[in-house]
DNA sequence: GTCTATAGTTCGATAGAC
DNA sequence: GTCTATCGAACTATAGAC
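Chains as they are written, first to last, in the working numbering: chain R, 20 to 225; chain Z, 20 to 225.
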């Protein structure tokens with residue numbers, strides 16, 4: 020098995036970008052982390068910006084495919100519950116962030132919360148389509164939820180998800196470690212319960 | 020009225036840090052934005068890092084004082100509702116982000132979602148105390164809400180608040196502008212309704 | 001494809017004149 | 001306090017040998 024330099028660079032870039040952000044990261048640090056020569060990064064990816072975009076896109080499509088698959092399974096079933104829709108939205112990202120996708124997750128948080136052109140653009144390119152599918156599903160299956168509130172319900176769910184997968188350690192600090200001993204499954208169930216109740220509260224308002 | 024160079028630098032730094040992040044911002048760009056000489060930044064603030072910390076601290080204490088004042092007013096009243104507690108938590112930041120605090124707000128989002136040492140440290144220094152006050156209030160006044168779920172209720176509220184005050188324009192994109200024509204008061208009432216329902220859903224679980 | 005070497009900028013910070 | 005000038009280090013990116 021020969022070495023996959025391109026893949027090694029992307030793996031290393033994922034870790035370094037996650038830790039230091041786009042501006043804080045340097046191609047040199049990525050080269051060291053990957054154990055490759057600096058010149059190879061620019062040979063394989065042309066620019067730091069292009070490398071960043073490919074690191075984001077690599078897992079985003081995979082997460083969205085998983086979300087879409089779960090959503091369609093839910094919509095194709097007999098009884099469509101709000102909880103099942105929200106589970107399909109949240110589960111793939113949360114599970115990924117608990118496994119080997121921790122670095123990718125922290126990068127997504129950066130671009131989802133950023134207002135610079137690169138962040139806004141990357142978020143749109145990678146998540147607009149899937150967002151519209153979930154917004155439509157929410158509006159369709161929650162009685163009294165109009166399009167405006169469906170968008171807010173989606174955004175609120177994403178917001179809660181972003182700080183969950185960021186894993187800043189803040190819940191641990193504020194709870195003296197109490198909130199750190201929880202299984203991924205329990206986390207998903209708790210957040211889905213929370214988001215479902217909030218979403219229903221947005222429906223049927225006057 | 021003589022010129023307040025120190026204040027001008029902080030105002031400019033607030034705008035530049037908000038737009039470009041700590042690493043993306045440069046002391047030179049801040050100097051140009053402030054209309055002052057580059058050397059003055061290091062004379063008045065010693066380092067870029069110290070300038071950043073002072074920019075954050077300047078408004079954080081003010082926001083937290085406002086939150087604390089509202090919270091104590093609520094707790095001192097006859098009937099303490101969950102909605103009133105959440106209003107006290109969310110209102111100061113949302114109102115500030117809608118006014119002249121838009122740049123400060125985007126900086127707070129950066130440090131609240133960051134996992135680097137500077138972000139985690141600044142978040143703790145500026146928000147641990149007020150967080151514990153609200154967590155205690157939630158636990159005290161929501162029937163069946165234990166400490167662990169009170170921490171999650173607080174974190175979820177903050178998470179939703181962060182992406183609201185980030186003003187990434189994402190709700191506008193996803194709703195074709197539908198969600199952009201809303202008053203600050205309506206925004207606060209909608210989000211409080213959402214968070215209150217979610218928080219109650221966390222209470223009394225087994 | 002992979003390496004060395006370096007071009008060409010730009011950065012944070014400071015020294016020293018005024 | 002405010003300025004000019006600059007140091008020394010770090011950066012992205014590329015040219016050219018192998």
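Think of the CB as a built atom: it goes at the ideal place given N, C-alpha and C, for glycine as much as any other residue.
| request: Compute the distance between the beta-carbons of residue 161 of chain R and residue 101 of chain R, then report whether it is under 9 Å. | output: The sequence position of residue 161 of chain R within the first chain is 142, counting from 1. The sequence position of residue 101 of chain R within the first chain is 82, counting from 1. Contact: yes.
| field | Proximal residues of chain R, C-beta to C-beta of residue 175 of chain Z below 7 Å | value | For this step, residue 175 of chain Z is matched to residue 156 along the second chain. The answer, in chain order, is 179, 213.
| message | Quick check on DSSP: helix, strand or coil for residue 170 of chain R? | response | Residue numbering aside, residue 170 of chain R sits at position 151 when the first chain is read from its first letter. In this structure, residue 170 of chain R counts as helix in the three-state DSSP scheme.
| Which runs of the beta strand (DSSP E) fall wholly inside the segment 117-195 of chain Z and span at least 3 residues, in chain order? | DSSP runs (the beta strand (DSSP E)) wholly in the segment 117-195 of chain Z: none.
| said: Give me the residue from Z/79, Z/47, Z/99 with the minimum Cα distance to residue 142 of chain Z. | reply: In the second chain, counting from the first residue as 1, residue 142 of chain Z sits at position 123. Of Z/79, Z/47, Z/99, the smallest CA-CA separation from residue 142 of chain Z is found for Z/79.
| said: Given a cut-off of 9 Å on the beta-carbon distance, is the pair residue 156 of chain R and residue 104 of chain R in contact? | reply: If you number the first chain from 1, residue 156 of chain R lands on position 137. If you number the first chain from 1, residue 104 of chain R lands on position 85. It is a contact, given that the beta carbons lie within the stated cut-off.
| said: Along the chain, where does the alpha helix (DSSP H) containing residue 218 of chain Z start, and where does it finish? | reply: Walking along the second chain from the start, residue 218 of chain Z turns up at place 199. 203-221 is the extent of the alpha helix (DSSP H) around residue 218 of chain Z.
| said: For residue 158 of chain Z, which residues in the same chain have their Cβ closer than 6 Å to its Cβ, ignoring the five residues on either side in sequence? | reply: Stepping through the second chain from its first residue, residue 158 of chain Z is reached at position 139. Counting only Cβ-Cβ distances below 6 Å, and skipping sequence neighbours, we find 164, 166, 169.
| From residue 109 of chain Z to residue 116 of chain Z, what does the alpha carbon distance come to, in whole angstroms? | The residue labelled residue 109 of chain Z in the question sits at position 90 within the second chain. The residue labelled residue 116 of chain Z in the question sits at position 97 within the second chain. Inter-residue distance for residue 109 of chain Z and residue 116 of chain Z is about 11 Å (C-alpha atoms, whole angstroms).
| Collapsed DSSP secondary structure at residue 18 of chain Z in the structure displayed | This structure cannot settle anything about residue 18 of chain Z, because the visible part of chain Z is limited to 20 through 225.
| said: Would residue 137 of chain R and residue 71 of chain R qualify as a contact pair, given that the criterion is a beta-carbon distance under 9 Å? | reply: If you number the first chain from 1, residue 137 of chain R lands on position 118. If you number the first chain from 1, residue 71 of chain R lands on position 52. Against a cut-off of 9 Å, the Cβ pair of residue 71 of chain R and residue 137 of chain R comes out as a contact.
| said: Is the beta carbon of residue 147 of chain R closer than 9 Å to that of residue 193 of chain Z? | reply: By one-based count along the second chain, residue 193 of chain Z stands at place 174. By one-based count along the first chain, residue 147 of chain R stands at place 128. It is a contact, given that the beta carbons lie within the stated cut-off.
| query | Between residue 53 of chain Z and residue 27 of chain Z, which are expected to be in contact by the criterion C-beta below 8 Å, what is the C-beta distance as a whole number of angstroms? | reply | Translated into the one-based positions of the second chain, residue 53 of chain Z becomes position 34. Translated into the one-based positions of the second chain, residue 27 of chain Z becomes position 8. 5 Å between Cβ atoms; contact.
| query | So the alpha helix (DSSP H) residue 90 of chain Z belongs to, where does it begin and stop? | reply | Translated into positions along the second chain, residue 90 of chain Z becomes position 71. Its alpha helix (DSSP H) spans residues 67-95.
| field | Rounded separation between residue 131 of chain Z and residue 92 of chain R - CA only | value | Taking the second chain and counting its residues from 1, the one referred to as residue 131 of chain Z is at position 112. Taking the first chain and counting its residues from 1, the one referred to as residue 92 of chain R is at position 73. So the two alpha carbons sit approximately 35 Å from each other.
| query | Beta-carbon separation of residue 37 of chain Z and residue 123 of chain Z under 9 Å? | reply | What you label residue 37 of chain Z is simply residue 18 of the second chain in a count that begins at 1. What you label residue 123 of chain Z is simply residue 104 of the second chain in a count that begins at 1. Going by C-beta atoms, residue 37 of chain Z is nearer than 9 Å to residue 123 of chain Z.
| Got a sec? Which residues, its chain only, sit under 8 Å from residue 47 of chain R by beta carbon, not counting five neighbours each side? | The count along the first chain starts at 1 and reaches residue 47 of chain R at position 28. Sequence-distant Cβ neighbours of residue 47 of chain R in its own chain, meaning closer than 8 Å and more than five residues away, are 57.
| said: By the 8 Å beta-carbon criterion, what residues does the segment 137-155 of chain Z contribute toward chain R? | reply: Taking 8 Å as the Cβ-Cβ cut-off against chain R, the residues of the segment 137-155 of chain Z that qualify are 138, 139, 142, 143, 147, 150, 151, 154.
| query | At a Cβ threshold of 9 Å, is residue 217 of chain Z touching chain R? | reply | What you label residue 217 of chain Z is simply residue 198 of the second chain in a count that begins at 1. At least one beta carbon of chain R lies nearer than 9 Å to the beta carbon of residue 217 of chain Z.
| request: For residue 59 of chain R, decide whether its Cβ has a neighbour in chain Z, counting only Cβ atoms nearer than 9 Å. | output: Working through the first chain from its first residue, we reach residue 59 of chain R at position 40. Put simply, the CB of residue 59 of chain R is far from chain Z, with every gap to its CB atoms at 9 Å or more.
| field | Range covered by the alpha helix (DSSP H) that runs through residue 57 of chain Z | value | Working through the second chain from its first residue, we reach residue 57 of chain Z at position 38. Here the alpha helix (DSSP H) through residue 57 of chain Z covers 57-64.
| field | Positions along the segment 182-208 of chain Z whose CB lies within less than 8 Å of some CB in chain R | value | Result list: 182, 183, 185, 186, 187, 188, 189, 190, 192, 193, 194, 197, 198.
| Does residue 70 of chain Z come within less than 9 Å of chain R when only Cβ atoms are used? | In the second chain, the residue the question calls residue 70 of chain Z occupies position 51. Not one chain R Cβ lies under 9 Å of residue 70 of chain Z.
| query | Using the C-alpha atoms, what's the distance from residue 209 of chain R back to residue 190 of chain R? | reply | Here residue 190 of chain R refers to the residue found at position 171 of the first chain. Here residue 209 of chain R refers to the residue found at position 190 of the first chain. As the crow flies, the alpha-carbon of residue 190 of chain R is around 14 Å from that of residue 209 of chain R.
| message | Please classify residue 129 of chain R as buried or exposed, where buried requires at least 16 other C-beta atoms within 10 Å of its C-beta. | response | Numbered from 1 along the first chain, position 110 holds the residue referred to as residue 129 of chain R. With 16 or more other Cβ atoms within 10 Å, it is buried.
| query | Tell me which same chain residues have a C-beta within less than 6 Å of the C-beta of residue 145 of chain Z, skipping the five on either side of it? | reply | Translated into positions along the second chain, residue 145 of chain Z becomes position 126. Contacts found: 79.
| task | Output, in sequence order along the chain, the residues in the segment 23-56 of chain R whose CB is closer than 9 Å to any CB in chain Z. | result | Within the segment 23-56 of chain R, contact with chain Z at the beta-carbon level (separation under 9 Å) is assigned to 37, 38, 39, 40, 41, 42, 43, 44.
| query | Beta-carbon of residue 210 of chain R versus every beta-carbon of chain Z: anything under 9 Å? | reply | Residue numbering aside, residue 210 of chain R sits at position 191 when the first chain is read from its first letter. With its beta carbon less than 9 Å from one in chain Z, residue 210 of chain R belongs to the interface.
| Looking at the C-beta of residue 83 of chain R, does it have a partner C-beta in chain Z at a distance below 9 Å? | Sequence index remark: in the first chain, residue 83 of chain R carries index 64 (1-based). With respect to chain Z, the C-beta atom of residue 83 of chain R has no partner C-beta closer than 9 Å.
| field | Spatial distance of residue 111 of chain R from residue 25 of chain Z (CA atoms) | value | Numbered from 1 along the first chain, position 92 holds the residue referred to as residue 111 of chain R. Numbered from 1 along the second chain, position 6 holds the residue referred to as residue 25 of chain Z. As the crow flies, the alpha-carbon of residue 111 of chain R is around 48 Å from that of residue 25 of chain Z.
| field | Inter-residue Cα distance where the pair is residue 154 of chain Z and residue 173 of chain Z | value | In the second chain, counting from the first residue as 1, residue 154 of chain Z sits at position 135. In the second chain, counting from the first residue as 1, residue 173 of chain Z sits at position 154. In a straight line, the C-alpha of residue 154 of chain Z is about 6 Å away from that of residue 173 of chain Z.
| request: Please go through the same chain and pick out, in chain order, the residues whose beta-carbon is closer than 7 Å to the beta-carbon of residue 120 of chain Z, but skip the five residues on each side of it. | output: By 1-based counting over the second chain, the position of residue 120 of chain Z is 101. Cβ neighbours of residue 120 of chain Z beyond the five flanking positions: 78.
| message | Output needed for residue 74 of chain R: all residues of its chain with C-beta closer than 6 Å, excluding positions within five of it in sequence on either side, in chain order. | response | In the first chain, counting from the first residue as 1, residue 74 of chain R sits at position 55. Around residue 74 of chain R: 29, 32, 33.
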